[in-house]
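Numbering (this note's numbering), first residue to last: 52 to 309.
Built from N, CA and C at the ideal position, the CB exists for glycine as well.
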């Protein structure tokens, strides 16, 4: 089973600033992931050609099931409002996280993680510096139908506020404790290297690789964490033609499933 997490930067290339749906499709298809968690995902945004990017990614990898979870209505870095728990992506542009799976999904769970109200200097679209207020953060849990090798996979994108993202990660782990295991969290946690595993104590990082920025990466913001030890045959960060993050890919070795 191949697991992957990829912050898409809504499909923008940091090299030329262009958002090309075909380029995004080729990038995720090359990852060949059975389960792919995606962050910074657009749905009908003018800046990304009005594409439903989760549907595009699902088609590219041959996913059986997929879901987009909007965090906000509007455009990050511009005018937006928090998406409600029953928000259905429609005519208005939305932005959030997604999860696509070649394994059938038996149940989906939306997990609110709160919002840091701090405003910090960041690069918008990986190009221009600006003061940016943080966004609502969510977890999207998919309970996989047996006989999938893992019980639950979770997509998330945590706050860029140091410390508050650790609070969100612990909040997420608590919300998952009654779901079928093994449980795997995949996402841009915005916490460096070993901090993610240390913050949860009993959880197990499945990959150590630098993921940001995509050119000459210096830090690991993207993580794959498991609730129990899982056999890993390979783990690596993969540079693609889109995004300022590398995708983090983990290949699980076969093991007996009860």
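- Its Cα nearest to that of residue 257, the residue 271 stands out among 266, 263, 271.
- The three-state secondary structure of residue 218, taken from DSSP, is helix.
- According to the DSSP assignment, residue 74 belongs to the alpha helix (DSSP H) that extends over 72–82.
- The closest CA to that of residue 149, considering only 285, 86, 273, is found on 86.
- Judged by their CB atoms, residue 299 and residue 273 are nearer to each other than the 8 angstroms cut-off.
- If you check the CB distance, residue 58 and residue 239 come in under 8 angstroms.
- For residue 231, the closest of 247, 221, 198 by C-alpha to C-alpha distance is 198.
- Minimum Cα-Cα distance from residue 251 among the listed residues 225, 94, 267 corresponds to 225.
- About 6 angstroms separates the beta carbon of residue 293 from that of residue 74, a gap short enough to meet the 8 angstroms contact definition.
- In the three-state DSSP reduction, residue 207 falls in the strand class (E or B).
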